[in-house]
Amino acid sequence: MFNPFYFLSVIFILFLIGILGILFNKKNILLMLMSIELLLLAVNFNWIFFSFYLDDIMGQVFSIFVLTVAASETAIGLALLVIYYRIRGNIAVELTNLIGG
Amino acid sequence: MYLLIIILPLFNSLLVGFFGRYLGKYGVSFISCLNLFFCSVLCWVSFCEVGFFGSFCYIEIFSWIHCDYFCIQWGFLFDSLTSIMLIIISSISCLVHIYSVSYMEFDPHKPRFMSYLSLFTFFMFYLVTSDNFVQMFIGWEGVGLVSYLLISFWFTRLNANQSAIKAILVNKIGDIGLCFGMLLLFFIFNSLEYEIVFSLIKYKVNTYINIFNYNFNLITLLSICLFIAAVGKSAQFTLHSWLPDAMEGPTPVSALIHAATMVTAGVFLLVRCSPILEFVPNILVFIAIIGAITSFFAATVGGFQYDLKKVIAFSTTSQLGYMVFILGISKYDVSIFHLVNHAFFKAALFLSAGSIIHSLSDEQDMRKMGGIIQLLPFTYSIILIASLSLIGFPFLTGFFSKDLILELAYISKYSLITSLQGTFVYWLGSLSVFFTAYYSFRLLFLTFLNKTTGFRIILQNVHEGSLILLLPLLFLAFGSIFLGYFTKELFVGFGTDFWQNSMFIHPFNISMFEVEDISIYVKFMPLFLSILGILLAYLSNTFLKHFIIKIQLSFVGKKIIFFLNKKWFLDKFFNNFFVFPFARFGYFITLISLDRGLVEFLGPLGITKIIKKYANILIQLQSGQLVHYVFFIIIALVWLFCINVYPILILQELYLKEYLKLFVLFFFTLIFMFLI
């Protein structure tokens with residue numbers, strides 16, 4: 002039997018895992034980026050599920066957009082990470098504010 | 004001519020005040036004396052016209068305030084009452100100006116002094132000649148102001164400044180009374196002009212005003228307000244304490260302001276408002292009692308002061324008490340008569356005292372004087388004349404008014420007021436006569452007749468002042484001798500039409516005829532008491548000196564003398580129960596607790612503090628830690644979930660059970676993450 006609740010709970014759990022990943026990984030910026038990817042994945046799932054559920058193509062269009070945005074964002078994020086590592090020598094996110102500027 | 008009377012002193016004041024430095028001290032003296040002399044001549048002429056020929060003069064200049072019902076004009080009225088006051092003010096002022104020329108000879112601020120004196124004269128003229136209450140109030144406040152300026156004339160002295168502040172503040176209490184009186188008058192009559200108010204007063208006798216749910220009789224309230232004003236200005240009991248302290252000013256000031264003119268303004272006001280007062284017998288009785296208490300109090304205290312000027316100041320207060328209590332038994336003409344006489348002999352007393360102080364190189368303590376009768380014969384004769392006049396010695400000026408006052412007080416218990424009150428007033432007045440005689444002669448003994456207690460170096464330099472200092476004394480002495488005799492029939496004689504409409508005495512209150520019918524003993528009583536007082540002063544300074552000293556040094560005697568010397572501890576009483584509590588209240592309650600306390604706390608200070616506090620808390624939220632922000636995101640999500648998703652789920656008819664499942668999932672996930 003089709004129950005949207007199961008789908009939604011999967012999406013919700015994915016999203017939660019992403020957020021908690023950001024929350025609990027204070028040390029590793031790489032893991033944080035990965036968690037962000039997970040968030041975006043959950044959102045994408047959400048779009049696609051509702052596009053299917055409501056029988057509307059717009060959700061899928063949006064999911065494609067989200068894909069591109071996620072890709073570019075990851076690229077920029079990784080670039081920042083590289084620069085950050087070059088300056089600090091580690092990738093702990095805790096003391097980012099010490100860089101200034 | 005009438006306007007010239009008023010303008011001359013002002014002109015003189017401005018001229019001398021602003022251009023004194025160009026005129027020099029001789030120029031200033033000459034111009035002031037000339038102006039004031041001319042002014043007093045004009046006053047005498049106006050007195051002839053108004054008083055003797057009975058042609059009152061009304062001058063309306065132009066409208067000053069014109070608003071709805073409220074029309075005030077710059078107007079002057081010269082009736083007999085005004086003309087009398089003009090005579091006193093201008094004559095005494097002229098003589099005091101002449102006196103000051105010599106007395107303030109070496110004072111560097113002489114132009115300022117002369118300017119103030121003239122300004123005072125101007126304001127006093129303004130007070131007595133105005134034809135409405137508002138204009139009178141200008142003069143009323145003006146004399147208070149100039150009194151302040153003159154008492155603190157030597158502004159480097161702390162005492163002078165304190166006394167000046169005290170004088171103006173205590174006067175202000177009375178001025179507030181006058182303000183309330185004027186407001187009430189306007190409330191009743193929609194007008195503040197004498198003519199309108201006094202002619203309509205009898206139609207408002209039974210009008211009541213509701214204040215705080217209590218019905219006050221309007222006229223009674225009005226009279227109380229006016230009497231408060233008079234109490235302040237005329238230094239009656241309870242507001243008297245500024246007058247003795249006002250002796251910090253130069254002696255001519257004391258003579259002009261605190262003896263002859265300014266203190267009579269209160270009496271003048273009450274006499275002016277006689278048409279109002281005549282319809283409130285209860286308040287009249289109250290006025291009489293307060294006046295009697297004043298006269299008695301000041302006379303007893305005056306007998307035990309050691310400062311030459313303070314004795315005379317208390318004597319002034321005592322005499323003002325006489326004027327007020329005779330006014331309270333509605334003998335306004337007698338009150339004014341005594342006012343005139345008193346102005347002359349009190350000015351003589353003060354100027355003589357100034358002469359003594361001047362010759363003793365500014366020594367005011369009577370205990371350091373004595374024995375200068377051979378050195379200052381002229382001053383002695385003047386002060387003797389003035390003192391005898393003051394104690395009502397027969398056939399001198401004071402006798403004609405003072406004895407008449409006492410007789411009227413005696414007779415009053417048969418007519419206006421109850422026997423008890425009349426007797427009370429009469430006996431207080433009589434006792435005051437006794438004390439008056441005592442302190443006058445005590446003053447004479449201590450300064451002139453006793454063996455000297457002064458310093459040799461000072462006594463070597465004692466000499467009479469210059470002619471210009473003694474000339475005014477001579478005139479005033481003539482006034483003190485003859486004035487009462489010459490003007491008795493004019494002012495208080497039978498059926499004299501001198502006053503015409505300038506004062507109103509209810510026919511019920513006229514008792515001039517009965518006075519002539521009282522027994523010979525009552526008539527001789529004041530004289531007997533005066534002689535007793537003189538005798539007491541004489542004995543206590545000659546034969547019984549040691550006996551009196553023994554009494555004074557005994558336990559009870561010391562207490563009594565101390566009590567009287569300290570003015571019945573009234574100053575202490577007022578300071579402790581009014582001044583300091585008010586000052587403390589003003590500082591601790593209004594300033595510290597309210598203005599800089601509660602209001603600040605609820606206003607700027609409190610708001611800034613609260614904003615700062617919470618701003619700091621908010622600042623701490625921005626820790627710069629990414630993790631915290633994520634936490635906030637989660638919180639926000641949960642919140643959004645609660646307010647948005649839950650209702651949606653309800654609408655979708657999903658059961659709460661399943662919704663709870665979701666949360667369980669959420670928690671399990673959390674635990675799972677932790678385990679990882």
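Protein chains in written order, with the numbering used here: chain L, 2 to 102; chain X, 4 to 679. Every residue gets a Cβ at the ideal spot worked out from N, C-alpha and C, and that includes glycine.
Boundaries of the alpha helix (DSSP H) in which residue i is found, first to last residue
{"i": "X:H341", "result": "335–362"}
{"i": "X:K575", "result": "573–577"}
{"i": "X:H549", "result": "548–556"}
{"i": "X:W143", "result": "136–154"}
{"i": "L:R89", "result": "59–89"}
{"i": "X:Q623", "result": "607–624"}
{"i": "X:Y5", "result": "5–50"}
{"i": "X:V633", "result": "629–643"}
{"i": "X:Q424", "result": "422–447"}
{"i": "X:Y417", "result": "Here X:Y417 belongs to no alpha helix (DSSP H), and DSSP marks it neither H nor E."}
{"i": "X:P380", "result": "380–393"}
{"i": "X:R709", "result": "With chain X represented from 4 up to 679, any question about residue 709 of chain X goes unanswered, as that position is not in the structure."}
{"i": "X:I199", "result": "197–203"}
Where residue i sits in the DSSP three-state scheme
{"i": "X:G78", "result": "strand"}
{"i": "X:H69", "result": "strand"}
{"i": "X:S63", "result": "The residue you asked about is not Ser; residue 63 of chain X is Glu in the sequence shown. Note: X:E63 maps to strand in three-state DSSP."}
{"i": "X:E108", "result": "coil"}
{"i": "X:S514", "result": "coil"}
{"i": "L:N29", "result": "coil"}
{"i": "X:S133", "result": "strand"}
{"i": "X:D310", "result": "strand"}
{"i": "X:E467", "result": "coil"}
{"i": "X:D520", "result": "coil"}
{"i": "X:D178", "result": "helix"}
{"i": "X:D368", "result": "strand"}
{"i": "X:E492", "result": "helix"}
{"i": "X:E603", "result": "helix"}
{"i": "X:E281", "result": "coil"}
{"i": "X:W157", "result": "coil"}
{"i": "L:W48", "result": "helix"}
{"i": "X:T499", "result": "coil"}
{"i": "X:G536", "result": "helix"}
{"i": "L:V94", "result": "coil"}
Which listed residue (the options) has its alpha carbon closest to that of residue i
{"i": "X:R370", "options": "X:L17, X:N504, X:N453, X:S435", "result": "X:N453"}
{"i": "X:N15", "options": "X:V283, X:V104, X:M117", "result": "X:M117"}
{"i": "X:L473", "options": "X:P380, X:H69, X:F531", "result": "X:P380"}
{"i": "X:I537", "options": "X:E492, X:F448, X:N213, X:F588", "result": "X:F448"}
{"i": "X:L45", "options": "X:F128, X:H361, X:S66", "result": "X:F128"}
{"i": "X:T319", "options": "X:T450, X:L186, X:V266, X:L122", "result": "X:V266"}
{"i": "X:I92", "options": "X:I9, X:I408, X:Y335, X:V283", "result": "X:I9"}
{"i": "X:S166", "options": "X:G145, X:L246, X:Q239, X:V99", "result": "X:L246"}
{"i": "X:V270", "options": "X:G306, X:V304, X:S244, X:F230", "result": "X:F230"}
{"i": "L:N45", "options": "L:I30, L:Q61, L:L31", "result": "L:Q61"}
{"i": "L:I18", "options": "L:N91, L:I88, L:L32", "result": "L:L32"}
{"i": "X:C276", "options": "X:F507, X:N285, X:L363", "result": "X:F507"}
{"i": "X:D520", "options": "X:L411, X:L259, X:W502", "result": "X:L411"}
{"i": "X:Y309", "options": "X:H341, X:A233, X:L409, X:Y442", "result": "X:Y442"}
{"i": "X:A350", "options": "X:S257, X:D336, X:N218", "result": "X:S257"}
{"i": "X:D178", "options": "X:C228, X:A540, X:L221, X:F240", "result": "X:C228"}
{"i": "X:N544", "options": "X:R445, X:Q424, X:Q138, X:L601", "result": "X:R445"}
{"i": "X:L17", "options": "X:T124, X:M88, X:Y5", "result": "X:T124"}
{"i": "X:P12", "options": "X:C70, X:S121, X:L323, X:M88", "result": "X:S121"}
{"i": "L:G22", "options": "L:I37, L:L68, L:F66, L:I49", "result": "L:I37"}
> Can you give, in chain order, each stretch of the beta strand (DSSP E) that sits fully within the stretch 205–271 of chain X and has at least 3 residues?
Replying inline: 211–214, 217–220
> Taking one C-beta from the stretch 286–297 of chain X and one from the stretch 315–333 of chain X each time, how about it: are there three or more such pairs within less than 8 angstroms?
Replying inline: yes
> Three or more C-beta pairs closer than 8 angstroms, one from the stretch 101–110 of chain X and one from the stretch 250–262 of chain X: is that the case here?
Replying inline: yes
> Given 8 angstroms as the limit, is there contact between the stretch 558–569 of chain X and the stretch 302–315 of chain X, that is, 3 or more CB pairs closer than that?
Replying inline: yes
>> With three or more C-beta pairs closer than 8 angstroms as the rule, is the stretch 18–34 of chain X touching the stretch 139–148 of chain X?
In response: no
> Just checking, does the stretch 45–60 of chain X make contact with the stretch 145–164 of chain X on the three C-beta pairs under 8 angstroms criterion?
Replying inline: no
> Would you say the stretch 232–242 of chain X touches the stretch 59–75 of chain X, given that touching needs at least three Cβ pairs under 8 angstroms?
Replying inline: no
> Counting pairs of Cβ atoms below 8 angstroms between the stretch 152–159 of chain X and the stretch 210–224 of chain X, do you hit three or more?
Replying inline: no
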